[in-house]
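Comments concern the structure below.
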Amino acid sequence: RARPDTRLAPGQAELVARVLAANPRTAIVANIGHAFDASWAEDAAALIAAWYPGEGFAEAIAAVLAGDLEPGGRMPVSIAREEADYPAFDLKPGEGGRLPYHEGTRLGYRGLIANGTPARHPFGSGAGYTRFDWSDAAVEGGSVAVTVRNNGDRAGSEIVQVYRDTPEPTLVGFAKVHLQPGEERRVSIALSARRFMIWGQGGWTPIGRTLNLRVARHAEDHGMPLIAAFDDLDDAAL
Numbered sequence: 002r003a004r005p006d007t008r009l010a011p012g013q014a015e016l017v018a019r020v021l022a023a024n025p026r027t028a029i030v031a032n033i034g035h036a037f038d039a040s041w042a043e044d045a046a047a048l049i050a051a052w053y054p055g056e057g058f059a060e061a062i063a064a065v066l067a068g069d070l071e072p073g074g075r076m077p078v079s080i081a082r083e084e085a086d087y088p089a090f091d092l093k094p095g096e097g098g099r100l101p102y103h104e105g106t107r108l109g110y111r112g113l114i115a116n117g118t119p120a121r122h123p124f125g126s127g128a129g130y131t132r133f134d135w136s137d138a139a140v141e142g143g144s145v146a147v148t149v150r151n152n153g154d155r156a157g158s159e160i161v162q163v164y165r166d167t168p169e170p171t172l173v174g175f176a177k178v179h180l181q182p183g184e185e186r187r188v189s190i191a192l193s194a195r196r197f198m199i200w201g202q203g204g205w206t207p208i209g210r211t212l213n214l215r216v217a218r219h220a221e222d223h224g225m226p227l228i229a230a231f232d233d234l235d236d237a238a239l
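Number 239 marks the last residue of the sequence shown (the numbering used here); no jumps.
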């Protein structure tokens, strides 16, 4: 483990608190490439998780803050409310360097959901500068489709996500769509059969012939539930 905790470097959280006390209408940019303690941002007007953007960082962030571009990404991890909420936070090798993974496949956002622990910022969450409505979600052959409409007053991007919840919550597909104000589009997400199989001593086996899915905005969103048949899925990845 490279870090003892998820907190900011000494003094940074205190600086944020002083700035917010002076002006609550403050947007905080977190240039951090891992899960981090975000409790200090609760009173901020906005939190931008920039990750590690690399070259052109300053110009890109300036354009987002000015409203010229939208923050169209989504969280690639879940940010927990407390460090103890992470399923494997205290995991470290024992005697002889042996490291048992007792949490199995319930890592990251999967573990938080399986343990019934809401995240501060769930995997897949995020917001832009407009508002989208979803409707008419359905299974269409080996795909999931949903109608997305931009009901805001400016162009923007939405990311439609599809999850399964057995044997643990897992993202199985997603699609990004860019829409002008008032524009509506049917978004289709092809599902691979491999996403609905688990590995065991006998190789890859389906988790079931009938699959419970949900079309959601992030990993903890109840979204729109659907049922699909395993035999209808694309087996190109098998």
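Heads up, the beta-carbon is just placed ideally off N, CA and C, and yes, glycines get one too.
Since the structure is predicted, the reported quantities are computational estimates derived from the model, not experimental observations.
- How long is the line joining the alpha carbons of R8 and W200, rounded to whole angstroms? If you number the sequence shown from 1, residue 8 lands on position 7. If you number the sequence shown from 1, residue 200 lands on position 199. The C-alpha of W200 is placed about 36 Å away from the C-alpha of R8.
- So G157 is in the beta strand (DSSP E); what residue range does that whole segment cover? In the sequence shown, residue 157 corresponds to position 156, counting from 1. Residues G157 to R165.
- Task: Take I114 and list the residues in its own chain whose beta-carbon comes closer than 7 Å to its own, dropping the five residues that flank it on each side.
- Result: As a working note, residue 114 is residue 113 in the sequence shown. Taken in chain order, the residues that qualify are P170, A220 and E221.
- Task: Measure from the alpha carbon of R187 to the alpha carbon of each residue in V140, T206 and Q202, then state which is nearest.
- Result: The residue given as residue 187 occupies position 186 in the sequence shown. Considering only alpha carbons, the answer is V140.
- Short check: CB of A22 to CB of W41, under 8 Å? Stepping through the sequence shown from its first residue, residue 22 is reached at position 21. Stepping through the sequence shown from its first residue, residue 41 is reached at position 40. Using a Cβ distance threshold of 8 Å, A22 and W41 do not count as a contacting pair.
- Could you spell out where the alpha helix (DSSP H) holding F37 opens and where it closes? Residue 37 sits at position 36 when you count from the first residue of the sequence shown. It is not in any alpha helix (DSSP H) - F37 carries neither H nor E in the DSSP assignment.
- Message: Going by DSSP, what residue range makes up the alpha helix (DSSP H) through F58?
- Response: Here residue 58 is taken as the residue at index 57 of the sequence shown, counted from 1. F58 -> alpha helix (DSSP H) spans F58 to A67.
- Message: L192 and V149 - do their beta-carbons sit closer together than 8 Å?
- Response: As a first step, residue 149 is located in the sequence shown; it is residue number 148 there, counting from the start. As a first step, residue 192 is located in the sequence shown; it is residue number 191 there, counting from the start. A distance of 8 Å or more separates the beta carbons of V149 and L192.
- Message: Please classify R215 as buried or exposed, where buried requires at least 16 other C-beta atoms within 10 Å of its C-beta.
- Response: Mapped onto the sequence shown, residue 215 falls at position 214. Result: buried.
- How about A120 and I160: are their beta carbons less than 8 Å apart? As a working note, residue 120 is residue 119 in the sequence shown. As a working note, residue 160 is residue 159 in the sequence shown. No, these two residues do not count as a Cβ contact at 8 Å.
- Message: Cutting at 7 Å between CB atoms, please list the residues of its own chain near F90, excluding the five before and the five after it.
- Response: Residue numbering aside, residue 90 sits at position 89 when the sequence shown is read from its first letter. Only residues of its own chain outside the window of five on either side were considered, and among them E84 have a CB closer than 7 Å to the CB of F90, listed in chain order.
- Message: Can you tell me whether I114 is helix, strand or coil according to DSSP?
- Response: Counting from one through the sequence shown, the residue named residue 114 turns up at place 113. DSSP, reduced to helix, strand and coil, places I114 within a helical segment of the structure shown.
- Could you work out which residue in A50, A10 and R155 is closest to L70 when comparing CA atoms only? Working through the sequence shown from its first residue, we reach residue 70 at position 69. Comparing Cα-Cα distances from L70 to each of A50, A10 and R155, the minimum goes to R155.
- Considering only residues of the same chain and omitting the five flanking positions on each side of V65, which have a CB-CB separation below 8 Å? Taking the first residue of the sequence shown as position 1, residue 65 is located at position 64. I49, E71 and P72.
- Query: Just checking my contact of M76 with P5 at CB under 8 Å: how many whole Å lie between their CB atoms?
  - Reply: Here residue 76 refers to the residue found at position 75 of the sequence shown. Here residue 5 refers to the residue found at position 4 of the sequence shown. With 8 Å as the limit, M76 and P5 do not qualify as a contact, their Cβ atoms being about 23 Å apart.
- Message: Tell me the DSSP secondary structure of A237 in three-state form.
- Response: Numbered from its first residue, the sequence shown carries residue 237 at position 236. With a pLDDT of only 48 at A237, under 50, the local geometry of the prediction cannot be trusted, and the value read off the model is given with reservation. Note: A237 maps to coil in three-state DSSP.
- Message: According to DSSP, is F124 part of a helix, a strand, or is it coil?
- Response: In the sequence shown, counting from the first residue as 1, residue 124 sits at position 123. DSSP, read as helix, strand or coil, puts F124 in coil.
- Message: By the DSSP assignment, the beta strand (DSSP E) with A1 in it spans what residues?
- Response: No information on residue 1 is available, as it lies outside the stretch 2 to 239 that the chain covers here.
- Query: Where does G78 sit, in a helix, a strand or coil, going by DSSP?
  - Reply: The residue you call residue 78 lines up with position 77 of the sequence shown. Reading off the sequence shown, one finds Val at residue 78, where the question assumed Gly. It is coil, neither helix nor strand.
- Is the beta carbon of V30 less than 8 Å from the beta carbon of A51? Locating residue 30 in the sequence shown gives position 29, counting from the first residue. Locating residue 51 in the sequence shown gives position 50, counting from the first residue. The answer is yes: Cβ separation under 8 Å.
- Query: Taking all protein chains shown into account, do 16 or more other C-beta atoms lie within 10 angstroms of the C-beta of L234, making it buried, or fewer, making it exposed?
  - Reply: The residue given as residue 234 occupies position 233 in the sequence shown. With 16 or more other Cβ atoms within 10 Å, it is buried.
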